[in-house]
Amino acid sequence: MNICFFNDIHILGGGELWVLKATQRLENLGHTVHIMCPWRSALYGECLRRQKRLFGFSRGGIVPFYEPIYHYLRKNEIDVLCCTVIGQFNEAEILGAMVARINEDRPANRKMALILKTGLPPMGGLTPEHYGFGAGTRVQRLHVVSERVRQDFLSWQPGEENFIQTVREGVDLAKFSTASIDRTEAKRHWDLKPDGPVVTCLARLSPQKGQDNLLLSVSEIVRVHPDTTFLIAGTGEDEQRLRTLARQLGVGERVRFLGHVEDVPFLLAATDVLCHPSLADGLPNSLVEAMAMGIPVVASRVGGIPDLVEDERSGLIVPPHDIRAIATAVNRLLAEPGLRHQLARQGRERVIERFDLQTNTDHLADLFAAELEYVRTVPAAQQTDGNRRPLNVLFLMNTLRTGGEETEVAILSKYLDRRRYRPTVVSLFATDEGCPAIGTIRAAGVAIDETCHGLATWNEKAGYLVGKIEREDIAIVVACQDARFAHQLFDHLPRERCKLIEHGGIVAEAGVTPKHNTFRYVGVSPAIRNAARRGMANPGHARYLPSMVDLAEYELENRDELRAAYNFGKQEVIVTFVGRLDPKKRVEQLIRSAAELLPRHPELRFLVVGGHDTFQPAYASELRALASSTLPEPDRFLFTGNREDVARILIASDMLVLPATGEGMSHVINEAGAAALAVIATRDGAAAAQLNGGRAGMLYDADNDTALTRAIRTLTLDANLRRDYGDRLRQKAEKDYAAAVVVPQWEALFDEVAAALPSDHDSYIQRFDGLPDFPVEIQIQTSTLCNATCVMCPYPEVSKEYPVGRMEEKLYRKIIEECANEPGLRRIEPFLMNEAFIDKRVPEWIKLAKDKVPHAAVTVTTNGTPLVPSVTDRLIASGIDAIWFSFNGAKPETYEKIMGIPYEKVMHNIEYLLAHKPDHLQVYVNMIETELMADEIAENIENWRRLGVQAGSSPLVNRGGNVTNFSELNYQAISEVPVRSCELVYYKMYILYNGDCILCCMDWRRSVVLGNVYEQSIREIWNGPAYREIRRLHTEGRDGEIPICGNCSYTLN
-10 MNICFFNDIH
0 ILGGGELWVL
10 KATQRLENLG
20 HTVHIMCPWR
30 SALYGECLRR
40 QKRLFGFSRG
50 GIVPFYEPIY
60 HYLRKNEIDV
70 LCCTVIGQFN
80 EAEILGAMVA
90 RINEDRPANR
100 KMALILKTGL
110 PPMGGLTPEH
120 YGFGAGTRVQ
130 RLHVVSERVR
140 QDFLSWQPGE
150 ENFIQTVREG
160 VDLAKFSTAS
170 IDRTEAKRHW
180 DLKPDGPVVT
190 CLARLSPQKG
200 QDNLLLSVSE
210 IVRVHPDTTF
220 LIAGTGEDEQ
230 RLRTLARQLG
240 VGERVRFLGH
250 VEDVPFLLAA
260 TDVLCHPSLA
270 DGLPNSLVEA
280 MAMGIPVVAS
290 RVGGIPDLVE
300 DERSGLIVPP
310 HDIRAIATAV
320 NRLLAEPGLR
330 HQLARQGRER
340 VIERFDLQTN
350 TDHLADLFAA
360 ELEYVRTVPA
370 AQQTDGNRRP
380 LNVLFLMNTL
390 RTGGEETEVA
400 ILSKYLDRRR
410 YRPTVVSLFA
420 TDEGCPAIGT
430 IRAAGVAIDE
440 TCHGLATWNE
450 KAGYLVGKIE
460 REDIAIVVAC
470 QDARFAHQLF
480 DHLPRERCKL
490 IEHGGIVAEA
500 GVTPKHNTFR
510 YVGVSPAIRN
520 AARRGMANPG
530 HARYLPSMVD
540 LAEYELENRD
550 ELRAAYNFGK
560 QEVIVTFVGR
570 LDPKKRVEQL
580 IRSAAELLPR
590 HPELRFLVVG
600 GHDTFQPAYA
610 SELRALASST
620 LPEPDRFLFT
630 GNREDVARIL
640 IASDMLVLPA
650 TGEGMSHVIN
660 EAGAAALAVI
670 ATRDGAAAAQ
680 LNGGRAGMLY
690 DADNDTALTR
700 AIRTLTLDAN
710 LRRDYGDRLR
720 QKAEKDYAAA
730 VVVPQWEALF
740 DEVAAALPSD
750 HDSYIQRFDG
760 LPDFPVEIQI
770 QTSTLCNATC
780 VMCPYPEVSK
790 EYPVGRMEEK
800 LYRKIIEECA
810 NEPGLRRIEP
820 FLMNEAFIDK
830 RVPEWIKLAK
840 DKVPHAAVTV
850 TTNGTPLVPS
860 VTDRLIASGI
870 DAIWFSFNGA
880 KPETYEKIMG
890 IPYEKVMHNI
900 EYLLAHKPDH
910 LQVYVNMIET
920 ELMADEIAEN
930 IENWRRLGVQ
940 AGSSPLVNRG
950 GNVTNFSELN
960 YQAISEVPVR
970 SCELVYYKMY
980 ILYNGDCILC
990 CMDWRRSVVL
1000 GNVYEQSIRE
1010 IWNGPAYREI
1020 RRLHTEGRDG
1030 EIPICGNCSY
1040 TLN
């Protein structure tokens, strides 16, 4: 098999070390293994050192991320991609898109499998989709490292037993053995007392590893065992804090920080107790390794640790954060040799039984093979969940309260096919109204994001939502209420990747907003749709989708039982109104009718179900006052407020009255239909259509109080007519308004929108691989001269082949004028393949760049010899932002041997600059890692640090094959094939003195000329066909087809 491990983390922790160990074992079994990880990460460096098949990616920067990975997987014919879930991006979706695209082009017997792996329980902030749940065949399986972690996932996602597999890691039992190393010799090596107890903590120095709790327990341990030494091994972001804490606690002399330890068995051989006080973990390698070597352990009860360490049998378990428990457990082990030996023996037995690296990796290979067989032999239609990645749909609500839009979203949340659509709800403003729909939405597992409630301004809300839409890859936004805010959002969103559906419920609102951002318009009535069509570029993109009702909530056979539960008398006729109490509902008309009817019809009782309107709260109070003052028996006209049991109340009622005007399509009429309830409504909005022109209910003119009173009296006196209307309305609801009828129409609309979106593949290219349309940085060669003869530079040889050149001032000014109009430009460097300050014009040209292009930094690299005080004074006056000195050698003789220029003169020039430079001017030193100065790099860095200058080193590069003595000078590990993408062609332009734009700073012999700035603009060249072709070849991993790139070592390390 061709196997690829994908790991997006920069540290070298237990999971990364396991990847290296598993890789070696799988290679021994005859498999080909590749490792993908961030460029310059610790794992990347270790893979280089071990000469593993490697690809280093860059994410979130200027180098394409998505396409280079896709082409690498495709080019190397990967069979199994095993990705550790880190969550810095959604690996399941994005890698899944790559796998799906690759599989489209492969025959069935060559298809590829994607497997996710995690060592931790479900991480906060990650959704089920991050772990592959619901992503269908794009993720075949989720591997977890312990049964305890598996149970945590099953508690989070019940019913996924087949998807989640426990796949243990393991330890090399031959390497970590009780007999492999002499403990006395190990203690002598670490300069430890032969008989002094040693407590070791071996883990990344990170807050989650809990080393601070061990430090807090040291005082109590040394009180009982005063000769104890504590070894803290590992590196990480928490190192300085832990060192400071040890000093503050007064235990600094007891605690030794060892940094990274290469030979872990030799360290463990000197250890008496290993303490792992972690606060969050999967199944730590250091525990397995210590137990394999027969060392007793104390560890926290977190993650998968209890699967490894059985308390009082193979180690001691303590609660996380419990300092006293740590001290007690360590003291107990140090005081009881018999217990130490017993736990050590049983711990090693447990590791041998369950955590043998060879056995577990062989099992992993079998699992990979089984997944491949499934992917390649089972027809796609029979594989779980289909092939399409679910569409992320965001329902944007101004508020969540009692209303038709909320009900609509609740029903969609409940019934949308989650294999195809992934809904989420955003509420912009909080209200003091209740919202029955919230419970339904959350019960359906749909998140309601209320972050905007705490953001004061529209701009803050918009900024948050633009970030959310891009971060969560929202494909469709449905604006369910006032759509003006949604249009503001879409003025800042890439409309090719996200589409707006405007959902309209009122005719008057259909034309309020311009429709240039509206991809589709949905009106809940034909009249609303028709009103919106007038503003749509394509009138056919305005659709009618009716309001709907969930028939499953209306169990009509329970009517008598519900009436009894509500204490409705058998002869009572219950007249109900349902809705938010705002003036357009016109409930005062119902009160006037009740005042006339109640004295003559003692069987009547009126219910007003609904709460006040947040924006018009006085109306509800006025209604109550009106009812109290005009009705003879107020207890027969009840205001119930908001209710969660509206469906049951409607089933128990006898008729619904809706005197409202200004409605679109009333949800409550459809709900009454679901309850088989007779309805009286005004001839407003869609009511006539809902009531089938009066055949499924009674219609009246809104201003006619007498007509409403007459209709209520008629239905009160005729139970058969009520039943007849109710049955007809139920049939209408089942035929036109049931969720089973309308939800598929929504899904068809979403599918129509999805067809207009870029494919997953194209979408991710746009998202991750978007390139600037103008260079981010520009290097300019003002002249071709250099006075140094550096042994690792092509200049001494190449300069003999080409004439001396000097840039014309008019060309330089043309370049700067173009740059002045490009806000994306971040840096101008007036040097290239030369010594910049041999050209005496450069200080003034730097000033010109600073004056004309203030948004860009201007920097330069120099060997320093021309920077005599008079030149330095002009340079300082130019306003330059930063200077890099090329300084190769800590000793004068080494420096002069490498660079061929006088050490003392350059030092004098730099010291003058440091003494006179303004605070804003940054000074750096860089050196190239060659065999000649390998032993002086650290010394050189320290020398400059003492002078207050930040110094560093860079690997030697053969500069496209132009450094002919590269093999003699290089001592760093490099690969035989490229292990990453070259970033230079994606963000930087290189302009020679004659206007030629060459490929990069490696192209000393000008083998690739992409244009000339005398003849074209920088922007034209940057976006021209020559540059595009170069970038395409690099992105596809075909840069070897460009001769200079094929000979270059820049991407070999």
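Counting in the numbering used here, the sequence shown runs from -10 upward without gaps. Heads up, the beta-carbon is just placed ideally off N, CA and C, and yes, glycines get one too.
Here the C-alpha atom of proline 606 lies approximately 10 Å from the C-alpha atom of proline 572.
For glutamate 918, the enclosing beta strand (DSSP E) begins and ends at 911 to 918. Assignment of aspartate 725 by DSSP, reduced to helix, strand and coil, places it in the helix class.
Along the length of the segment 746 to 803, whole beta strand (DSSP E) runs at least 3 residues long occupy 766 to 769, reported in chain order.
When C-beta atoms of the segment 124 to 138 are compared with those of the segment 98 to 113, three or more pairs fall below 8 Å, so the two segments count as touching. Shown here, lysine 488 sits in a strand according to DSSP, grouped into three states. Distances from the CA of isoleucine 221 to each of Pro215, Arg212, Arg232 and Val211 were compared; the closest alpha carbon is that of Arg232. Shown here, alanine 670 sits in a strand according to DSSP, grouped into three states.
The Cβ atoms of leucine 305 and isoleucine 284 do not sit closer than 8 Å to each other. For the pair leucine 903 and lysine 836, the Cα-to-Cα distance works out to about 20 Å.
Rounded to the nearest angstrom, the Cβ distance from isoleucine -8 to aspartate 68 is 7 Å, consistent with a contact under 8 Å. Straight-line spacing of the CA atoms in alanine 520 and valine 466 works out to 21 Å. For histidine -1, there is no enclosing alpha helix (DSSP H), since its DSSP letter is neither H nor E. Under the three-state reduction of DSSP, valine 367 is assigned to coil, being neither helix nor strand.
Inter-residue distance for glycine 121 and arginine 48 is about 21 Å (C-alpha atoms, whole angstroms). Burial state of glutamine 470 is buried, judged by a 10 Å Cβ sphere holding 16 or more other Cβ atoms. Judged by DSSP in its simplified three-state form, glutamate 818 adopts strand. The beta carbon of histidine 442 sits closer than 6 Å to those of Ala419, all from its chain and outside the five residues before and after it, given in chain order. Listed in chain order, the beta strand (DSSP E) elements of length 3 or more contained wholly in the segment 960 to 1033 are 977 to 980, 985 to 987 and 998 to 1001. Judged by beta-carbon spacing, leucine 945 lies within the 8 Å limit of asparagine 959, meaning their Cβ atoms are closer than that value. DSSP lists Leu385 and Glu491 as the bridge partner or partners of alanine 468. Annotation: asparagine 1012 to leucine 936 spans about 44 Å, alpha carbon to alpha carbon. Nearest to aspartate 673 by C-alpha distance, out of Asp690, Phe479, Ala89 and Asn681, is Asp690. Residue state for tyrosine 510 is assigned as strand, using DSSP reduced to three classes. Less than 8 Å separates the beta-carbon of valine 286 from that of valine 298. DSSP places valine 576 within a helical segment (H, G or I) once states are collapsed to three. Note on geometry: alpha-carbon atoms of alanine 192 and serine 943 lie some 29 Å from one another.
Closest by C-alpha distance to alanine 554, out of Met(-10), Ser642, Asn17 and Glu965, is Ser642. Going by beta carbons, tyrosine 901 and threonine 861 fall inside the 8 Å limit.
Ranked by how close their Cα comes to the Cα of isoleucine 767, the residues Met978, Leu238 and Leu746 have Met978 in first place.
Spatial neighbours of leucine 864 in its own chain (CB-CB distance under 6 Å, excluding positions within 5 residues in sequence) are listed in chain order as Pro832. In this structure proline 53 is buried. Its beta-carbon is surrounded by 16 or more other beta-carbon atoms within 10 angstroms. For arginine 130, there is no enclosing alpha helix (DSSP H); the enclosing beta strand (DSSP E) covers residues 130 to 133. Beyond the five residues adjoining it in sequence on each side, phenylalanine 626 comes within less than 6 Å, by CB distance, of Ala583, Phe595, Ala616 and Leu620 in the same chain, given in chain order. When beta bridges are read from the DSSP output, leucine 103 appears opposite Leu70.
Contact check for glycine 715 against isoleucine 495 fails: the beta carbons are separated by 8 Å or more.
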